[in-house]
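*Asks:*
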Amino acid sequence: MNNPSHGFSLFELLIATAVIGIVSALAVPAYRSYIDTANMTKVTANFEQGLWVGQSTFAKDKTRVTIGLPRTAPSDTQGWIELLNKGGVQAPGGGPADIPSTNNKTSGRGDAEKGVVGVQWFAARESKVRKNGSVRPVRDAMLRLWRPLYLSFVEQRAEISDEGIDIRIQRKN
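Here's what the structure looks like:
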């Protein structure tokens, strides 16, 4: 009498384990690449949203001044950050999408680890004669946004003023 086998043989289990190992070896890097691409898209969207908000706020203020109304745009960096983070958008690494920034090359241009856009405000200034006789030039009010060196991005700096937007590549990985 022949007993039918119950369960799997050792060979069948080894083959199933090998197939699962091969599939997971291919799936994990693809998933990681997918997550990185989604995070870079989020940083770009936050940067471009900042450009749009900055440009539209400057245009609105220019129109208000033209018709004799007072400006309503923020007059400091913190005010701009509150305006840009109004919707509660988060950075890929957590926390707010925009933070105060400086022009320091090693730090202060946003947060490259979390993918946070840096924000810096420059108030308008009139020309002024310095003690040495040179003249400090006039500068329009300007909002500066930094897209950080996040993952494979290049760092970009955008300067937004009444004159428009100037975007430049600052550094590459």
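Per numbering that gives the first Met the number 0, residue 0 is the first one in the sequence shown, and the count goes up by one each step.
Yeah, the Cβ is synthetic: ideal placement off N, Cα and C, and Gly gets one too.
(1) Checking the sheet assignment: what are the DSSP bridge partners for Val-115?
(2) Which value, in whole angstroms, describes the spacing of the CA atoms of Phe-57 and Ser-126?
(3) Identify which residue in Ala-157, Glu-162 and Asp-161 has its Cα closest to the Cα of Ile-168.
(4) My guess is that Phe-46 and Arg-146 are in contact by the Cβ rule of under 8 Å, so how many angstroms apart are they, rounded?
(5) Pull up the CB-CB distance for Leu-142 and Gly-53, whole angstroms please, since I reckon it's below 8 Å.
(6) Please identify the residue among Val-115, Leu-150 and Thr-76 whose C-alpha is closest to the C-alpha of Asp-35.
(7) Can you tell me where the beta strand (DSSP E) with Ser-160 in it begins and where it stops?
(8) Please state whether the Cβ-Cβ distance between Val-118 and Ser-100 is less than 7 Å.
(9) Alpha helix (DSSP H) containing Asp-97: first to last residue?
(10) Using the beta-carbon count (16 or more within 10 Å), is Leu-83 buried or exposed?
(11) Would DSSP call Leu-150 helix, strand or coil?
(12) Mark Trp-120 as exposed unless 16 or more other C-beta atoms lie within 10 angstroms of its C-beta, in which case mark it buried.
(13) Could you say which of Gly-6, Leu-148 and Asp-139 lies nearest to Val-42 if we only look at CA atoms?
(14) Quick one: give me the first and last residue of the alpha helix (DSSP H) that Gly-87 is part of.
(15) Suppose you measure from the CA of Ser-32 to the CA of Val-116; what does that come to, to the nearest Å?
(16) For Leu-142, which beta-bridge partners are listed by DSSP?
(17) When the Cα atoms are used, what is the spatial distance from Ala-24 to Leu-12?
(18) Given a cut-off of 7 Å, decide if Ala-111 and Ala-140 are closer than it, judged by their beta-carbon atoms.
*Replies:* This is what the structure holds:
(1) For Val-115, the pairing in a beta bridge is given by DSSP as Asp-110.
(2) Rounded to the nearest whole angstrom, the CA to CA distance from Phe-57 to Ser-126 is 22 Å.
(3) The residue with the shortest Cα to Cα distance from Ile-168 is Ala-157.
(4) Their Cβ separation, rounded to whole angstroms, is 4 Å, which keeps Phe-46 and Arg-146 in contact under 8 Å.
(5) Taking the Cβ atoms as the reference, Leu-142 lies roughly 5 Å from Gly-53, within the contact range of under 8 Å.
(6) Ranking Val-115, Leu-150 and Thr-76 by CA distance to the CA of Asp-35 puts Leu-150 first.
(7) Note, Ser-160: beta strand (DSSP E), 154-160.
(8) Yes, these two residues count as a Cβ contact at 7 Å.
(9) Element bounds for Asp-97: not the alpha helix (DSSP H) but the beta strand (DSSP E), 97-99.
(10) The residue is buried, with at least 16 neighbouring Cβ atoms inside 10 Å.
(11) Shown here, Leu-150 sits in coil according to DSSP, grouped into three states, outside any helix or strand.
(12) With 16 or more Cβ atoms within 10 Å of its Cβ, Trp-120 is classed as buried.
(13) Nearest C-alpha to Val-42: Leu-148.
(14) Looking at the DSSP string, Gly-87 is not in any alpha helix (DSSP H), and its letter there is neither H nor E.
(15) Approximately 22 Å, taken between the alpha carbons.
(16) Looking at the DSSP assignment, Leu-142 forms a beta bridge with Trp-120 and Ile-159.
(17) Just so you know, the alpha carbons of Ala-24 and Leu-12 end up roughly 18 Å apart.
(18) Cβ distance not < 7 Å, so Ala-140 and Ala-111 don't count as in contact.
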